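Novice:
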Amino acid sequence: QVNHRVRRFPLERIQADLEWARRHGIAQILVCGANFGLLARDVDIVDSAIAINGQDGPLQAFCIQTSCVVTERVRTIHRRLAAHHLEAGATVGVQSRSSEVLDICRRRYLPRPDLAAILERYARDRVPTYCDLILGLPGETYASFTRGIGELVACGQYNSLFVYPFSPL
74 QVNHRVRRFP LERIQADLEW ARRHGIAQIL VCGANFGLLA RDVDIVDSAI
124 AINGQDGPLQ AFCIQTSCVV TERVRTIHRR LAAHHLEAGA TVGVQSRSSE
174 VLDICRRRYL PRPDLAAILE RYARDRVPTY CDLILGLPGE TYASFTRGIG
224 ELVACGQYNS LFVYPFSPL
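To get the numbering used here, take the position in the sequence shown, counting from 1, and add 73.
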(Lines of atoms letter the chains of each structure in order from A and count residues from 1; the text may use other names and numbers.)
(Lines give C-alpha, C1' and ligand atoms only; values in the text may rest on other atoms or scores of the structure.)
Protein backbone atom coordinates (compact mmCIF):
# COMPACT_ATOMS: atom_id res chain seq x y z
CA GLN A 1 0.00 0.00 0.00
CA VAL A 2 1.27 3.44 -0.92
CA ASN A 3 2.21 5.56 2.06
CA HIS A 4 -0.06 8.60 2.18
CA ARG A 5 2.71 10.83 3.48
CA VAL A 6 5.64 11.19 1.10
CA ARG A 7 8.67 13.22 2.18
CA ARG A 8 10.72 14.95 -0.50
CA PHE A 9 14.18 16.39 -0.81
CA PRO A 10 14.37 19.64 -2.77
CA LEU A 11 14.93 19.03 -6.48
CA GLU A 12 18.07 21.20 -6.37
CA ARG A 13 19.61 18.89 -3.76
CA ILE A 14 18.81 15.81 -5.84
CA GLN A 15 20.40 17.40 -8.91
CA ALA A 16 23.48 18.29 -6.86
CA ASP A 17 23.68 14.71 -5.58
CA LEU A 18 23.46 13.39 -9.15
CA GLU A 19 26.23 15.76 -10.22
CA TRP A 20 28.36 14.63 -7.24
CA ALA A 21 27.82 11.00 -8.26
CA ARG A 22 28.92 11.78 -11.83
CA ARG A 23 32.08 13.56 -10.66
CA HIS A 24 32.96 10.64 -8.38
CA GLY A 25 32.43 7.93 -10.99
CA ILE A 26 29.37 6.32 -9.43
CA ALA A 27 28.13 3.69 -11.90
CA GLN A 28 24.81 2.68 -10.34
CA ILE A 29 22.23 4.60 -8.38
CA LEU A 30 19.42 2.86 -6.52
CA VAL A 31 16.52 5.10 -5.56
CA CYS A 32 15.28 3.66 -2.27
CA GLY A 33 11.68 4.67 -2.32
CA ALA A 34 8.96 2.21 -3.27
CA ASN A 35 6.76 4.97 -4.64
CA PHE A 36 9.01 6.53 -7.25
CA GLY A 37 6.81 7.78 -10.07
CA LEU A 38 4.02 8.84 -7.75
CA LEU A 39 4.96 12.51 -8.09
CA ALA A 40 5.16 14.47 -11.35
CA ARG A 41 8.61 15.75 -10.38
CA ASP A 42 9.96 12.19 -10.51
CA VAL A 43 10.06 12.54 -14.30
CA ASP A 44 12.26 15.63 -13.80
CA ILE A 45 14.58 13.62 -11.55
CA VAL A 46 14.98 10.97 -14.26
CA ASP A 47 15.57 13.67 -16.87
CA SER A 48 18.25 15.19 -14.60
CA ALA A 49 19.98 11.80 -14.27
CA ILE A 50 19.88 11.35 -18.05
CA ALA A 51 21.21 14.88 -18.69
CA ILE A 52 24.00 14.62 -16.15
CA ASN A 53 25.00 11.21 -17.44
CA GLY A 54 25.06 12.65 -20.96
CA GLN A 55 28.00 14.79 -19.86
CA ASP A 56 30.41 11.84 -20.25
CA GLY A 57 28.96 10.30 -17.11
CA PRO A 58 29.80 6.81 -15.89
CA LEU A 59 26.22 5.96 -14.92
CA GLN A 60 25.25 2.46 -16.04
CA ALA A 61 22.00 2.10 -14.13
CA PHE A 62 19.48 4.33 -12.42
CA CYS A 63 17.40 1.76 -10.56
CA ILE A 64 14.02 2.71 -9.18
CA GLN A 65 11.25 0.97 -7.28
CA THR A 66 7.80 2.04 -8.32
CA SER A 67 4.34 1.41 -7.01
CA CYS A 68 2.64 -1.84 -8.04
CA VAL A 69 0.15 0.34 -9.88
CA VAL A 70 1.73 1.05 -13.27
CA THR A 71 0.55 4.50 -14.26
CA GLU A 72 1.36 6.30 -17.50
CA ARG A 73 3.91 8.39 -15.57
CA VAL A 74 5.68 5.24 -14.34
CA ARG A 75 5.74 3.85 -17.89
CA THR A 76 7.14 7.16 -19.17
CA ILE A 77 9.91 7.02 -16.59
CA HIS A 78 10.82 3.46 -17.52
CA ARG A 79 10.73 4.24 -21.25
CA ARG A 80 13.09 7.19 -20.80
CA LEU A 81 15.52 5.19 -18.70
CA ALA A 82 15.47 2.29 -21.17
CA ALA A 83 15.99 4.63 -24.14
CA HIS A 84 19.17 5.91 -22.47
CA HIS A 85 20.33 2.43 -21.42
CA LEU A 86 19.94 3.24 -17.73
CA GLU A 87 17.06 0.85 -17.02
CA ALA A 88 17.95 -2.17 -14.94
CA GLY A 89 14.43 -3.46 -15.36
CA ALA A 90 10.96 -2.42 -14.34
CA THR A 91 9.85 -4.25 -11.23
CA VAL A 92 6.59 -6.12 -11.50
CA GLY A 93 6.33 -7.20 -7.88
CA VAL A 94 4.07 -10.17 -7.41
CA GLN A 95 5.57 -11.97 -4.35
CA SER A 96 3.24 -14.90 -5.08
CA ARG A 97 0.66 -15.80 -7.71
CA SER A 98 -1.59 -17.39 -5.10
CA SER A 99 -4.47 -15.12 -4.07
CA GLU A 100 -4.81 -17.15 -0.84
CA VAL A 101 -1.17 -16.57 0.09
CA LEU A 102 -1.42 -12.86 -0.69
CA ASP A 103 -4.58 -12.60 1.43
CA ILE A 104 -2.69 -14.12 4.37
CA CYS A 105 0.14 -11.63 3.81
CA ARG A 106 -2.26 -8.72 3.29
CA ARG A 107 -0.86 -8.05 -0.17
CA ARG A 108 -2.70 -7.09 -3.32
CA TYR A 109 -3.32 -9.79 -5.91
CA LEU A 110 -2.73 -8.70 -9.50
CA PRO A 111 -5.23 -10.58 -11.70
CA ARG A 112 -3.67 -12.60 -14.50
CA PRO A 113 -5.09 -10.44 -17.35
CA ASP A 114 -3.75 -7.29 -15.67
CA LEU A 115 -0.32 -8.87 -15.15
CA ALA A 116 -0.18 -10.01 -18.78
CA ALA A 117 -1.21 -6.54 -19.96
CA ILE A 118 1.52 -4.85 -17.90
CA LEU A 119 4.20 -7.23 -19.21
CA GLU A 120 2.93 -6.81 -22.77
CA ARG A 121 3.00 -2.99 -22.55
CA TYR A 122 6.54 -3.01 -21.20
CA ALA A 123 7.64 -5.44 -23.92
CA ARG A 124 6.05 -3.19 -26.55
CA ASP A 125 7.89 -0.21 -24.99
CA ARG A 126 11.16 -2.22 -25.07
CA VAL A 127 11.54 -1.92 -21.33
CA PRO A 128 13.01 -4.99 -19.63
CA THR A 129 11.05 -6.27 -16.64
CA TYR A 130 11.59 -8.58 -13.75
CA CYS A 131 9.22 -10.24 -11.36
CA ASP A 132 10.01 -11.19 -7.81
CA LEU A 133 8.63 -14.09 -5.87
CA ILE A 134 9.13 -14.85 -2.20
CA LEU A 135 9.86 -18.47 -1.38
CA GLY A 136 8.20 -19.81 1.75
CA LEU A 137 5.43 -17.28 2.33
CA PRO A 138 2.76 -18.39 4.80
CA GLY A 139 0.25 -20.60 3.02
CA GLU A 140 2.47 -21.20 -0.03
CA THR A 141 2.93 -24.80 -1.12
CA TYR A 142 5.31 -26.40 -3.58
CA ALA A 143 2.40 -26.78 -6.01
CA SER A 144 1.21 -23.16 -5.69
CA PHE A 145 4.76 -21.81 -5.94
CA THR A 146 5.66 -23.77 -9.09
CA ARG A 147 2.23 -23.01 -10.59
CA GLY A 148 3.01 -19.33 -10.00
CA ILE A 149 6.29 -19.56 -11.90
CA GLY A 150 4.47 -21.16 -14.83
CA GLU A 151 1.82 -18.46 -14.74
CA LEU A 152 4.46 -15.71 -14.86
CA VAL A 153 6.00 -17.24 -17.96
CA ALA A 154 2.56 -17.76 -19.52
CA CYS A 155 1.80 -14.07 -18.88
CA GLY A 156 4.94 -13.05 -20.80
CA GLN A 157 7.70 -12.75 -18.20
CA TYR A 158 10.63 -13.72 -20.40
CA ASN A 159 13.28 -11.34 -19.00
CA SER A 160 14.05 -12.08 -15.36
CA LEU A 161 12.53 -13.77 -12.38
CA PHE A 162 14.01 -13.36 -8.91
CA VAL A 163 13.20 -15.63 -6.00
CA TYR A 164 13.92 -14.37 -2.49
CA PRO A 165 13.63 -16.43 0.67
CA PHE A 166 10.97 -15.37 3.14
CA SER A 167 12.57 -13.78 6.20
CA PRO A 168 10.20 -12.70 8.94
CA LEU A 169 11.58 -9.70 10.79
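The C-beta atom is built at its ideal place from N, Cα and C for all residues, glycine as well.
Everything numeric in this text was worked out from a predicted model, so none of it was measured.
Which parts of the segment 92 to 142 are runs of the beta strand (DSSP E), unbroken and 3 residues or longer, counting only runs that do not cross its ends?
Specialist: Fully enclosed beta strand (DSSP E) runs of 3 or longer: 101 to 103, 134 to 136.
Novice: Assuming Asp187 and Phe235 make a contact with CB atoms under 8 Å, what is their CB distance in whole Å?
Specialist: Against the sequence shown, residue 187 aligns to sequence position 114. Against the sequence shown, residue 235 aligns to sequence position 162. Not quite, the Cβ-Cβ distance comes to about 20 Å (not below 8 Å), so this is no contact.
Novice: Where does Asn135 land, buried or exposed, given buried means 16+ other C-beta within 10 angstroms?
Specialist: Taking the sequence shown and counting its residues from 1, one reaches residue 135 at position 62. Checking the displayed sequence, the identity of residue 135 turns out to be Phe instead of Asn. By the neighbour-count rule (16 or more Cβ atoms within 10 Å), Phe135 is buried.
Novice: Are the beta-carbon atoms belonging to Gly106 and Ile150 less than 9 Å from one another?
Specialist: If you number the sequence shown from 1, residue 106 lands on position 33. If you number the sequence shown from 1, residue 150 lands on position 77. The answer is no: Cβ separation not under 9 Å.
Novice: Using the beta-carbon count (16 or more within 10 Å), is Ala163 buried or exposed?
Specialist: The residue you call residue 163 lines up with position 90 of the sequence shown. With 16 or more Cβ atoms within 10 Å of its Cβ, Ala163 is classed as buried.
Novice: Indicate the three-state DSSP secondary structure (helix, strand or coil) for Phe82 in the structure shown.
Specialist: Translated into positions along the sequence shown, residue 82 becomes position 9. It is coil, neither helix nor strand.
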